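Inspection log for the structure reproduced underneath, given as structure tokens.
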Amino acid sequence: MELTPKMQEALERASRIVAESKHLVALGGAGMSAESGIPTYRGPGGLWTRIGEPDPRRFQNFAADPKGWWERTLERDREAPESPDQAQFRNSMQNAKPNAGHYALVDLERMGKLQWVITQNVDNLHRAAGTKNITEIHGNRHLLRCMGCNHRIPREEFEIDPHYLPPRCPQCGGVIKGDGVMFGEPIPPDSLAMCVKQANRCDAMLVLGTSGTVYPAAGFPLHAMRRGAQVIEVNPYPTPISEMVDMALRGPTGELLPLVVSRVRELLDQRSGSNS
Ligand SMILES: [Zn+2]
75 MELTPKMQEA LERASRIVAE SKHLVALGGA GMSAESGIPT YRGPGGLWTR IGEPDPRRFQ
135 NFAADPKGWW ERTLERDREA PESPDQAQFR NSMQNAKPNA GHYALVDLER MGKLQWVITQ
195 NVDNLHRAAG TKNITEIHGN RHLLRCMGCN HRIPREEFEI DPHYLPPRCP QCGGVIKGDG
255 VMFGEPIPPD SLAMCVKQAN RCDAMLVLGT SGTVYPAAGF PLHAMRRGAQ VIEVNPYPTP
315 ISEMVDMALR GPTGELLPLV VSRVRELLDQ RSGSNS
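Going by this note's numbering, 107 is the number at position 33 of the sequence shown; the sequence numbering is gapless.
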């Protein structure tokens with residue numbers, strides 16, 4: 075993309091905020107995944123726009139009868155082929171690769187300039203890129219989670235015996251479900267606690283490709299701002315928080331974040347040069 079002088083100035087200011095931060099947190103949303111080819115759920119062309127929103131009582135149904143839920147799910151996986159829309163969505167998830175925005179966050183983490191990533195995405199792309207310190211607030215589609223103790227297990231390492239349902243946690247015997255947070259399901263308490271801790275601790279926050287409308291994640295930038303943290307938004311589109319943030323960069327995270335990272339690197343090099 076072509077950078078106007080105004081945009082260059084915004085990038086410079088954002089880079090300085092990042093370089094000077096002591097505890098930077100990044101909050102990522104669907105826009106980051108969309109840049110990797112994963113369709114969004116809502117909005118034009120979104121999965122739910124085409125096939126309808128999932129049942130809002132999905133979690134209650136699971137919690138009321140986990141055995142029956144697992145039986146129906148395994149049965150459906152064996153027998154009923156999914157709709158073309160669902161198949162397309164599943165394929166785009168399975169084939170998606172991290173993009174330059176995901177890798178830019180890994181670079182910042184390795185430079186010691188990014189302390190935590192909070193993502194609303196379930197697609198595992200941050201971890202696949204190499205991010206270590208992360209909370210997936212809506213879960214991770216590659217994991218299973220114990221309802222009792224929150225222990226998470228990679229799906230591929232856990233064999234589900236159809237004769238003994240629901241599957242049980244090897245640590246505490248609790249009921250196992252997918253880690254992805256269902257409609258109607260509370261955010262897992264350990265995830266929520268970590269997000270609150272990070273929002274309480276940060277002195278700067280990157281808000282990346284998220285419309286800032288889905289709670290609880292939408293509350294974190296507002297909370298950080300109230301505490302005096304500097305908030306930088308990177309999004310191709312204006313959002314409800316655009317008017318409030320310290321800096322709004324208009325464009326895809328995959329294009330803008332690498333520019334921020336290279337400028338932060340220069341600033342840090344200058345600083346260490348002048349210190350020695
Ligand atoms: Zn457990």
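Cβ atoms here follow ideal geometry from the backbone N, Cα and C, with glycine treated the same way. The structure presented is a predicted model; accordingly, all values stated were derived computationally and were not measured.
Report task. In angstroms with no decimal places, state the Cα-to-Cα distance between K251 and P240. Result -> Start at 1 with the first residue of the sequence shown, and residue 251 comes out as number 177. Start at 1 with the first residue of the sequence shown, and residue 240 comes out as number 166. Taking the straight line from one Cα to the other gives about 8 Å.
Query raised in the report: Out of E317, S285, F257, which has the shortest C-alpha to C-alpha gap to D129?
Result: Position 55 of the sequence shown, counted from the start, is the residue given in the question as residue 129. For the residues E317, S285, F257, the minimum Cα distance to D129 belongs to F257.
Query raised in the report: According to DSSP, is E127 helix, strand or coil?
Result: Counting from 1 along the sequence shown, the entry for residue 127 is found at position 53. Coil at E127, not helix or strand.
Requested in this report: State the beta-bridge partners of P158 as determined by DSSP.
Outcome: Residue numbering aside, residue 158 sits at position 84 when the sequence shown is read from its first letter. P158 pairs with nothing; no bridge assigned.
**Report entry** T287 versus S348 - alpha carbon distance
**Finding:** In the sequence shown, counting from the first residue as 1, residue 287 sits at position 213. In the sequence shown, counting from the first residue as 1, residue 348 sits at position 274. Taking the straight line from one Cα to the other gives about 43 Å.
Query raised in the report: Relative to the alpha-carbon of A178, which residue among V334, I234, R300 has its alpha-carbon at the smallest distance?
Result: By one-based count along the sequence shown, residue 178 stands at place 104. It is V334.
Report task. Sort out for me which residues DSSP pairs V338 with in a bridge. Result -> Taking the first residue of the sequence shown as position 1, residue 338 is located at position 264. DSSP lists no partner for V338.
Query raised in the report: Looking only at DSSP bridge pairs, what is R226 linked to?
Result: Translated into the one-based positions of the sequence shown, residue 226 becomes position 152. Bridge partners of R226: R219.
**Report entry** Any non-hydrogen atom of ligand 1 within 7 Å of G222 CB
**Finding:** Within the sequence shown, the letter at position 148 stands for residue 222. Yes, since a heavy atom of ligand 1 falls inside the 7 Å radius drawn around the Cβ of G222.
Report task. Could you tell me the distance, in whole angstroms, from the CA atom of D73 to the CA atom of W144? Result -> Because the chain is modelled from 75 through 350, residue 73 falls outside the range shown and cannot be assessed.
Report task. Have a look at S336 and M299 and give me their C-alpha separation to the nearest angstrom. Result -> Numbered from 1 along the sequence shown, position 262 holds the residue referred to as residue 336. Numbered from 1 along the sequence shown, position 225 holds the residue referred to as residue 299. Each residue's alpha carbon lies about 26 Å from the other.
Query raised in the report: Closest to A278 by CA distance: which of L85, E83, V92, P140 is it?
Result: Numbered from 1 along the sequence shown, position 204 holds the residue referred to as residue 278. Taking only the C-alpha atoms, the option nearest A278 is V92.
Report task. Please list, in chain order, all residues of the same chain as T209 whose beta carbon is under 6 Å from its beta carbon, the five residues on each side excluded. Result -> The residue labelled residue 209 in the question sits at position 135 within the sequence shown. I192, S265, M268, C269.
Query raised in the report: So is T205 buried or exposed if we call it buried at 16+ other beta carbons inside 10 Å?
Result: Counting from one through the sequence shown, the residue named residue 205 turns up at place 131. Buried is the call here.
**Report entry** Bounding residues of the beta strand (DSSP E) (the contiguous stretch that carries L323)
**Finding:** Translated into the one-based positions of the sequence shown, residue 323 becomes position 249. It spans 321-324 - the beta strand (DSSP E) in which L323 sits, taken as one unbroken run.
Query raised in the report: Between M106 and G175, what straight-line distance do the alpha-carbon atoms span, to the nearest angstrom?
Result: Residue numbering aside, residue 106 sits at position 32 when the sequence shown is read from its first letter. Residue numbering aside, residue 175 sits at position 101 when the sequence shown is read from its first letter. When rounded, the distance between both Cα atoms is 7 Å.
Report task. Specify, as a first and last residue, the run of the beta strand (DSSP E) that G293 falls within. Result -> For the purposes of this step, residue 293 is taken as the residue at position 219 of the sequence shown. Note, G293: premise wrong, no beta strand (DSSP E); alpha helix (DSSP H) at 293-300.
Query raised in the report: Hey, is the segment 209-222 in contact with the segment 312-325, meaning 3+ C-beta pairs nearer than 8 Å?
Result: The segment 209-222 makes no contact with the segment 312-325: fewer than 3 CB pairs, one atom from each, lie closer than 8 Å.
Query - Local Cβ density within 10 Å of P295, reported as buried at 16 or more and exposed below that - result: What you label residue 295 is simply residue 221 of the sequence shown in a count that begins at 1. With 16 or more other Cβ atoms within 10 Å, it is buried.
Report task. Could you give the DSSP three-state label for A202: helix, strand or coil? Result -> Translated into positions along the sequence shown, residue 202 becomes position 128. A202: helix per DSSP, three-state reduction.
Query raised in the report: Is G252 near ligand 1, judged by its Cβ being under 7 Å from some heavy atom?
Result: Within the sequence shown, residue 252 is the residue found at index 178, counting from 1. No, since every heavy atom of ligand 1 falls outside the 7 Å radius drawn around the Cβ of G252.
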